[in-house]
Structure formats: structure tokens, C-alpha cells
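Everything on this sheet refers to the single structure shown next.
Residue numbers (the numbering used here): 14 to 282.
The structure is reproduced here in C-alpha cells:
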């Protein structure tokens, strides 16, 4: 009887150990995404407008482009994640469910280890939070899949933008796209590759831009990832600006200011 009980306890311990091991499993690197495939999520909630596009890079990994404007001046820094569920037609972001996390990673540990141990959907944890009112960033993410047969497939899910307290601000569904959203077709360089060693520092950010910085780039109460924070600079030290949505926002502001100036001149003369 003692032997049987000990045997049962041993089996239980093995099951528990297996469960712990499963929790610690890293997300696999995806280097065989199908060619010429892209998914994009249109974000259009209140004043927040933008797009998140994921497509296959030359090296077979996923490349991500984020372009969002209309973010509030308070309540940040902001986070954005891929969530499990699609957003219904009514646009209720609460229906997105939990973060896309097929390998049961702990949300709080992202950034403490390599990105393979982050939740697959924790994009801001892996690549930096949003600290601006207009934001553009592009980067590789070798843990996202564009193959419907893969566990890490993101095509049937949604993207949610969060306030700093993790309440949901804006959202949109991924859908398969025939053409890229970006006005200027992106030409991948000969050096389009990713040094995949499992460290945050090895993720190559080809280009990134932030406009109207309003928040500190320091760590927040939640995951801050590698803290790239979307900032890139030209050779002369000025911030690089290439955001489609943000450029449009600035053009509207500039047009309004010019119109006001012209009206003032007419009133004077």
C-alpha cells in the first residue's frame, strides 16, 4: 500500500513537473513564413487611427510595421498587443479577450529574459512601448507566424492599444491583405536578415520614427521590453520622420495654421 501511494505521488510529481516545464517553454523561431503573405489590422476607434501590418520578410521571418496617430497626450506610455479574439462588428475592444499567448509565458517576465519567453502577442514588451501621440515603428519579430497551420499564427486575431493602466483604448482585426498599405513600396535591403540569438539586443530595427514625444522613455509599471520606444535619428541627429498617418496629421495642423495666418493678414490689411 505504501508502495502504491508513493508511486501515485511520483506520477503526480512528474505531471506537475511537466506542467512547469510547459510553462517555461520558449516560443519557437519562425523562419518559414509563406512568401508574399501579409496581414494588416486597421485601427479606427474614436480619435485613434492607424494600422499594424505583418508580412513575410526575405529571411522568412515576420516583419511588422506600426503606424498610429491620434493618441492622447495623457495616460501613457501606451502598450499594444495581439489578442486572442476577433473584434465584433460593434467595435467593442473588450471582446478581444486575453493576450495571444500560446506558450503560456508570464506577462511580467518579458524583457527579463530573451524575447522567446515573452508572450507571442506582447509586441510592445518585445519591441518597446508607445510614448508619443503619433507613432511609427518597423521591426522583425521572428516569433510571429503567417502560416494558418502554426501555433503562433496571428491572422485570425486582433490588435489592441492599451493605456498605461492596461485598459483598452483602441483595436482592430487582422485580415489578409493583397497589397501593402504603405504609399511607398518598401524595398528590403540586401542586409535583410535577423541575428537570432534569443537576446533582446539582437533584434534589428530597420527603421523607426516617433513624433511629438510626450512621455519618459524609462521603465513603466508594466512590461517595457527592449525600450526601443520607436526613436530613430538621421545622420544629422534629427528625428527620422516617415509616418503616413502622422504625416497626414501634421499636414492638417500645418494647413490650419497657414489658414489662420492668412486670415489674420487679411484682417490687418
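Each residue gets a CB set at the ideal place from its N, CA and C atoms; glycine is no exception.
All figures in this text were calculated on a predicted structure; none of them were measured in a lab.
- Close CB contacts of residue 100 within its chain, under the 8 Å cut and outside five residues either way in sequence, are with 106, 108, 109, 171, 184, 185 and 186 (chain order).
- Burial check for residue 155: the Cβ neighbour count within 10 Å reaches 16 or more, so the residue is buried.
- Less than 7 Å separates the beta-carbon of residue 64 from that of residue 53.
- For residue 138, the enclosing alpha helix (DSSP H) stretches over residues 136 to 140.
- Per DSSP, residue 42 lies in no beta strand (DSSP E) and is assigned neither H nor E.
- Note on residue 51: 16 or more other CB atoms within 10 angstroms of its CB, so buried under the neighbour-count rule.
- For residue 52, the enclosing beta strand (DSSP E) covers residues 51 to 58.
- Comparing alpha-carbon positions, the option among 167, 86, 78 and 61 lying closest to residue 115 turns out to be 167.
- One thing to note: residue 173 has its Cβ within 7 Å of the Cβ of residue 94.
- The secondary-structure analysis by DSSP pairs residue 109 with nothing; it has no beta-bridge partner.
- Pairing residue 62 with residue 117, the inter-Cα distance amounts to about 31 Å.
- Apart from the 5 residues on each side of it in sequence, residue 57 has no Cβ closer than 6 Å to any other Cβ in its chain.
- By the beta-carbon neighbour count (other beta carbons within 10 angstroms, threshold 16), residue 182 is buried.
- 7 Å or more divides the Cβ of residue 69 from the Cβ of residue 44.
- Annotated three-state conformation of residue 66 is strand, per DSSP.
- Collapsing the DSSP output to three states places residue 183 in a strand.
- Between the beta-carbon of residue 149 and that of residue 80 there is about 5 Å, and that keeps the pair under the 8 Å contact cut.
- Contact between residue 136 and residue 46 does not hold, since the beta-carbon distance rounds to 16 Å and is not under 8 Å.
- Here residue 190 carries a coil assignment [DSSP, helix/strand/coil].
- Counting along the chain, the unbroken beta strand (DSSP E) around residue 81 starts and ends at 75 to 82.
- Residue 141 and residue 112 do not touch by the CB rule: their CB atoms are close to 17 Å apart, not below 8 Å.
- Under the 10 Å beta carbon count, residue 59 is surrounded by fewer than 16 other beta carbons and is classified as exposed.
- Straight-line measurement puts the Cα of residue 151 at about 24 Å from the Cα of residue 180.
- DSSP places residue 150 in the uninterrupted beta strand (DSSP E) bounded by 145 to 154.
- With respect to the C-alpha of residue 157, the residue from 139, 83 and 146 having the closest C-alpha is 139.
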